[in-house]
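To start, the structure under review is shown below, and the notes come after it.
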Amino acid sequence: LSFQVKLCDFGFARIIGEKSFRRSVVGTPAYLAPEVLCNKGFNRSLDMWSVGVIVYVSLSGTFPFNEDEDILDQIQNAEFMYPPNLWKEIGDNGEYFKLLQRTGSDFDFQC
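So for the sequence shown, UniProt numbering puts the first residue at 1; every next one is plus one.
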């Protein structure tokens, strides 16, 4: 057996050059990078944030946010969930998702 996974959500897609910046906020809230939410301007590098959320959801079956609370606030404040029992099944490599957490001055997502 072989499987192909295809993901797409091009409802708000725009071509953005590597050196050009945009400021308009468009997209599905759960996949928006902090830079977008803070209106700081962004380029295509923010797609890696969205890829990280997609991989997290694919591995865990849930979003890295508490869906009962405001997702946008959680993204801006780097408040992500890492339920230990869930990640035990995924293995040690799942620990890399903790890099999304704000630690000291490594990440400055303050708006």
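Just so you know, even glycine gets a beta-carbon here, dropped at the ideal spot from N, CA and C. Bear in mind that the values here come from a model prediction, so they are computed numbers and not experimental data.
Kindly indicate which three-state DSSP category residue i falls into: helix, strand or coil?
i           : result
Gly-104     : Residue confidence is low: Gly-104 scores 46 on pLDDT, short of 50, so the model does not pin down where it sits. No coordinate-derived value is stated.
Tyr-56      : helix
Gly-91      : coil
Pro-64      : coil
Ala-33      : coil
Asp-70      : coil
residue 113 : With the chain covering only 1 through 111, there is no way to say anything about residue 113.
Please name the residue in the options whose C-alpha comes closest to that of residue i.
i      : options                   : result
Glu-35 : Val-57, Ser-58 and Leu-46 : Leu-46
Met-48 : Leu-32, Ser-2 and Lys-88  : Leu-32
Ala-78 : Val-53, Asp-92 and Gly-91 : Val-53
Can the beta-carbon of residue i be found less than 9 Å from the beta-carbon of residue j?
i      : j      : result
Ala-30 : Phe-80 : no
Phe-63 : Val-55 : no
Compute the beta-carbon to beta-carbon distance between residue i and residue j, rounded to the nearest angstrom, for a pair I have assumed lies under 8 Å.
i      : j      : result
Leu-37 : Gln-76 : 5 Å
Leu-86 : Ser-50 : Going by Cβ atoms, the distance from Leu-86 to Ser-50 rounds to 21 Å, so no, they are not a contact pair.
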